[in-house]
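In terms of our numbering, the numbers along the sequence shown are unbroken and rise by one, the last being 704.
Each residue gets a CB set at the ideal place from its N, CA and C atoms; glycine is no exception.
The structure displayed is predicted, hence computed values, not measured ones.
Just below is one structure, and these are the notes that go with it.
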Amino acid sequence: MAEAEVAELHSEVSRETDHEVVVIGAGVAGIYQIKRLKDLGVRAIVLDANPDLGGTWYHNRYPGARFDSESYTYGYSFSRELLDEWHWTEQFSPQPENLRYLDFVARKFGLREHMQFDSRVEAMRFDEEANIWRLSLQDGSEITTRFVVTGVGVLSTPTLPRFEGMELFEGPSFHSFHWPHEPLDLAGKRVAVIGTGATAIQLIPEVAKVAGHLTVFQRRPNWAAPLNNAPISASEMDAIRARYDEIFETCARTPGGFEHEPDRRGFYNVTAEERRELWDRLYDEPGFAIWLRNFVEIFIDEEANREFSEYIAERIRRRVHDPEVAEKLIPKDHGFGIQRLPMETGYFEAYNRPNVDLVDSAATPIERITRMGLETTERSFEFDVIVYSTGFDSFTGAFDQINIEGVGGARLRDKWADGPVTYLGLLVSGFPNFIMLAGPQSAATNFPRGAELAVDWATPLIEYMREHGHQRFDAEETAEAAWVEHVKEMYQGLLLRKAKSWITGYNSNLDGHEYGKTRYNIYNGGGPKYAQRLRDVATRNYEGVTFD
Ligand code: NAP
Numbered sequence: 157m158a159e160a161e162v163a164e165l166h167s168e169v170s171r172e173t174d175h176e177v178v179v180i181g182a183g184v185a186g187i188y189q190i191k192r193l194k195d196l197g198v199r200a201i202v203l204d205a206n207p208d209l210g211g212t213w214y215h216n217r218y219p220g221a222r223f224d225s226e227s228y229t230y231g232y233s234f235s236r237e238l239l240d241e242w243h244w245t246e247q248f249s250p251q252p253e254n255l256r257y258l259d260f261v262a263r264k265f266g267l268r269e270h271m272q273f274d275s276r277v278e279a280m281r282f283d284e285e286a287n288i289w290r291l292s293l294q295d296g297s298e299i300t301t302r303f304v305v306t307g308v309g310v311l312s313t314p315t316l317p318r319f320e321g322m323e324l325f326e327g328p329s330f331h332s333f334h335w336p337h338e339p340l341d342l343a344g345k346r347v348a349v350i351g352t353g354a355t356a357i358q359l360i361p362e363v364a365k366v367a368g369h370l371t372v373f374q375r376r377p378n379w380a381a382p383l384n385n386a387p388i389s390a391s392e393m394d395a396i397r398a399r400y401d402e403i404f405e406t407c408a409r410t411p412g413g414f415e416h417e418p419d420r421r422g423f424y425n426v427t428a429e430e431r432r433e434l435w436d437r438l439y440d441e442p443g444f445a446i447w448l449r450n451f452v453e454i455f456i457d458e459e460a461n462r463e464f465s466e467y468i469a470e471r472i473r474r475r476v477h478d479p480e481v482a483e484k485l486i487p488k489d490h491g492f493g494i495q496r497l498p499m500e501t502g503y504f505e506a507y508n509r510p511n512v513d514l515v516d517s518a519a520t521p522i523e524r525i526t527r528m529g530l531e532t533t534e535r536s537f538e539f540d541v542i543v544y545s546t547g548f549d550s551f552t553g554a555f556d557q558i559n560i561e562g563v564g565g566a567r568l569r570d571k572w573a574d575g576p577v578t579y580l581g582l583l584v585s586g587f588p589n590f591i592m593l594a595g596p597q598s599a600a601t602n603f604p605r606g607a608e609l610a611v612d613w614a615t616p617l618i619e620y621m622r623e624h625g626h627q628r629f630d631a632e633e634t635a636e637a638a639w640v641e642h643v644k645e646m647y648q649g650l651l652l653r654k655a656k657s658w659i660t661g662y663n664s665n666l667d668g669h670e671y672g673k674t675r676y677n678i679y680n681g682g683g684p685k686y687a688q689r690l691r692d693v694a695t696r697n698y699e700g701v702t703f704d
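The following block contains the structure:
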C-alpha cells in the first residue's frame, strides 16, 4: 500500500472516537486480535505508539536480530491460506523478514484499515457509570470503548543503566531496542556494547565483523548455545507446509510451544555416556533443542544441572582460544538454562578476533560515561558508538507506562508495585472489561503460540458479553488470589526461581527490582496445562469472572 493511501486510511480511522474494543499494540498479538474482531464485525481499532505495526519486530533492528524459535513454529496458525502462501527463507528468520511477514498478514486480511499509529495511550480510566473505558492519548485526543485488550509485549520497555554522564557522550549511543532505523556505518569504528544478554549475544558477532574495535562490558556471563541456523529452500518449505498440522499439534502438546519435547528417559536412568551422547547430538541441533529436548532434571535438580553446565563449559573452552577469556565467559553464579537461554551464531568465536576485547565489569565496574567514552574503576576508554544492551522492565513495564485506573480510581501501577497480580494472566480484578494478551502470569511459551491461545480466549469472552447483553465483566478477587498462589507454587520446584533475570523481575536499573524481591512474572506450568485451564474456565461460563 502506498504511503499516501495509508495516511488516508489513518485519517479515516482517527475520526472514530468511540469503539466497542480498543486493542493496544499492533504487534504479533494485536494483529491476530484485530483479525478475529474484524471477522466478527466488532467495531474495533488497534492503537499503537509506533509509526507502524510490528511491535518487537518494529523496534529490534540491531544486526543479528532474528527468531530463536523455528520460523514455521512462530508464524500464525489461524489461516491455511496464509500458511500456504508464506515462504520462510531461514530456519530462524531475521528481523526484516519478520516485519515483512507481519505487514503481509495485515495487508492480506485488510487489517491496516483498523490500525491507528503514532497513538500512544497515556492514561485510561474506567467509567463506572457508563461501564466504558476512557482513553487519553498523547496527542490530547480522547477515545471511549467498552473493552480494552492489550498486546503490549512482555519485553517492550527498555531500561538503561543509571551511569553518571550518559548525556555527555558525543557519539551515537542508544539502547539496542532503539537501534537506529537509518543505516549505521560501524566500519572501522570503536564500539562499546554494554550487557551480555540474549540481545547482545546476537549482535556482538555481527558488530565484531565490521567494527574497527569492539569492547564488550560483561557484568555476568550468560550460558548460550549454537542456534544452528540454515536457509529454507523451496522444496524444504513445501515439506514444512505439508507438515503444518502436525507441527502445530506438537506445539500445542509441548510445554514450551515448540516442536522440542523433553527427553523423558530420566537423567539418572541412563549412564553418563548416554547423557553425553544426547548432549553431543543436541549441541548440533537447531534452536532450543539443547534446552528443551534435554532431561527435565536439568531444570529441577542441582546435581543434574551442574553436570550439564560443566558439559557446556567444556564446549566454551574448546571454542575460545584464550583460556582466560573462556573462563570469563563461563557463568559461575548460575547453572545452564535457568535463565532464558540465548541462542548464538559465532558468539564465542567473536572473542578470538583481534579486534574484540572483553571487560569484566563486575571486577572493574563502569563508573561514568564521558564525552569520549567511559571510565571504569580501572581505566578510561574512548569510543565512537556505545550500545546499551541492558534489558527491559519486563512484563509490567509496558503497563506502568500507561496510567490505568480501574474501579474506585485504583491504579494498576499501585496494585502491581510488588509484581503482577492477575487472574489467568488475562484479567485483573478491579479492572473490568480489560483483557491482556500474553500478559504477566500467562504461560511462558513460544510467543505467538501463547498469543493465539489468548486471543482465542479473549474473543469468545467478548462474544459472550454481547450475546448475553452484559455491559461489564470483572475477575473475582478470590479467583485472582488463587491464580497468583498457583503461579507462585509453580516457581518453587524449579531452579529458575533463583534466576537473577527478568523472569523473576530482577533489574539492577530499576528501584524495587532488586535480586531476592521475586516478581512472579510467568506461569511455569507449560502451554498444555494452561490451555486446558483456559478451556475449563470458559466451559464453566467463565468461572471466576462476574458479569453485570
Ligand atoms: P537481558 O537478558 O536482561 O540482559 C541485559 C544485560 O545487560 C545483562 O547482561 C545485564 O547484566 C546487563 N546489564 C544491565 N544493566 C547493566 C548495568 N547497569 N551495568 C552493566 N551491565 C548491565 O536483556 P536482553 O539481552 O535484551 O534479553 C532480554 C530477553 O529478550 C531475552 O531473555 C529474550 O527472552 C528476549 N530476546 C529474544 C530474542 C529472540 O527471541 N530472538 C532475542 C533477544 C532477546 P546482569 O546479568 O549482570 O544483570
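- Message: For a quick check, are the C-beta atoms of D274 and A205 less than 9 Å apart?
- Response: yes
- Cβ-based burial, R675 [other Cβ within 10 Å; buried from 16]: Result: buried.
- Message: Would P576 and G595 qualify as a contact pair, given that the criterion is a beta-carbon distance under 9 Å?
- Response: yes
- Message: Measuring straight from C-alpha to C-alpha, what distance separates N602 and G412?
- Response: 6 Å
- Closest by CA to G649, which one among Y188, D457, G502? D457
- Of the listed residues E241, E246, L238, R236, nearest to S227 (C-alpha basis): E246
- Message: Less than 8 Å separating the Cβ of P317 from some heavy atom of the ligand NAP?
- Response: With a cutoff of 8 Å, P317 counts as near the ligand NAP, since its C-beta is closer than that to a heavy atom of the ligand.
- Given P377 as reference, the closest of E463, M322, Y503, H477 once Cα atoms are compared: Y503
- Contact test: L311 Cβ vs the ligand NAP heavy atom, cutoff 8 Å: yes
- Message: Just to confirm, is the Cβ distance from A687 to A599 under 9 Å?
- Response: yes
- Query: So what's S170 in DSSP terms, helix, strand or just coil?
  - Reply: Bear in mind that the predicted position of S170 carries a pLDDT of just 46, short of 50, making it unreliable; the figure below should be weighed with that in mind. S170 falls in the helix class under three-state DSSP.
- Query: Does the distance from the C-beta atom of G266 to that of G183 stay below 9 Å?
  - Reply: no
- Query: Quick one, which of T427, R399, N385 has its alpha-carbon nearest P442's?
  - Reply: N385
- Task: For Q597, collect the residues of the same chain with a Cβ closer than 6 Å to its Cβ; drop the 5 residues on either side in sequence, then sort them by chain order.
- Result: P576, T578, G581, V643, Y679
- Message: Please tell me whether P604 and Y232 are closer than 9 Å, where the distance is taken between their beta carbons.
- Response: yes
- Query: Since E298 contacts L291 with CB under 8 Å, what's their CB separation in whole angstroms?
  - Reply: 7 Å
- State yes or no: is the beta carbon of R432 nearer than 9 Å to at least one beta carbon in chain B? Going by chain labels, chain B is absent from the structure shown, which holds only one protein chain.
- Message: Taking 8 Å as the cut-off, is the C-beta of Q495 nearer than that to any heavy atom in the ligand NAP?
- Response: Yes; taking the cut-off as 8 Å, the Cβ of Q495 has a heavy atom of the ligand NAP nearer than that.
- Query: Three-state secondary structure (DSSP) at S227?
  - Reply: helix
- Taking buried to mean at least 16 other C-beta atoms within 10 Å of its own C-beta, is A637 buried or exposed? exposed
- Task: Verify the contact flag: F325, CB atom, against every heavy atom of the ligand NAP, threshold strictly below 8 Å.
- Result: no
- Query: Where DSSP assigns a beta bridge to I542, which residues make up the other side?
  - Reply: For I542, which the question treats as bridged, DSSP gives the partners S329, A348.
- Please specify which runs of the alpha helix (DSSP H), each continuous and at least 4 residues long, are wholly inside the region 230 to 255, giving them in chain order. 236 to 241
- Message: I'd like the list of long-range same chain contacts for R653, defined as Cβ closer than 6 Å, with 5 residues on each side in sequence excluded.
- Response: Scanning its chain for C-beta atoms nearer than 6 Å, with the 5 sequence neighbours on each side dropped, one finds around R653 the residues Y647, in chain order.
- Message: Using a Cβ-Cβ cutoff of less than 6 Å, which residues in the same chain neighbour E633 once the five nearest sequence positions on both sides are dropped?
- Response: If we look at E633 and ignore the five residues flanking it on each side, its Cβ neighbours are S585.
- Measure the C-alpha to C-alpha separation of G344 and E466 and round it to an integer number of angstroms. 37 Å
- Query: By how many angstroms is the C-alpha of A635 removed from the C-alpha of T702?
  - Reply: 11 Å
- Item | Cβ separation of A348 and F373, assumed to be a contact under 8 Å, to the nearest whole Å | Indeed, because the Cβ distance is near 7 Å, the residues count as touching under 8 Å.
- Message: On the criterion of 16 or more Cβ atoms from any shown chain inside 10 Å, does Q251 qualify as buried, or is it exposed?
- Response: buried
- Message: Let's test the definition: count the other Cβ atoms within 10 Å of the Cβ of Q358 and tell me whether it reaches 16, buried, or not, exposed.
- Response: buried
- Message: On the CB-based measure, 16 or more other CB atoms within 10 Å of its CB, does Y424 come out buried or exposed?
- Response: exposed
- Quick one, are the C-beta atoms of V177 and V304 less than 9 Å apart? yes
- Mind the definition here: the region 313 to 327 touches the region 547 to 557 only if three or more C-beta pairs lie below 8 Å; say whether that holds. yes
- From T660, N559, A428, M271, residue whose alpha carbon lies closest to that of K194: Checking every option, the nearest Cα to that of K194 belongs to M271.
- Message: Tell me whether F539, by its Cβ, gets closer than 8 Å to a heavy atom of the ligand MN.
- Response: Here the bound small molecules are the ligand NAP; the ligand MN is not part of this structure.
- Task: Return yes when the C-beta of S329 is under 8 Å from any heavy atom of the ligand NAP, and no when it is not.
- Result: no
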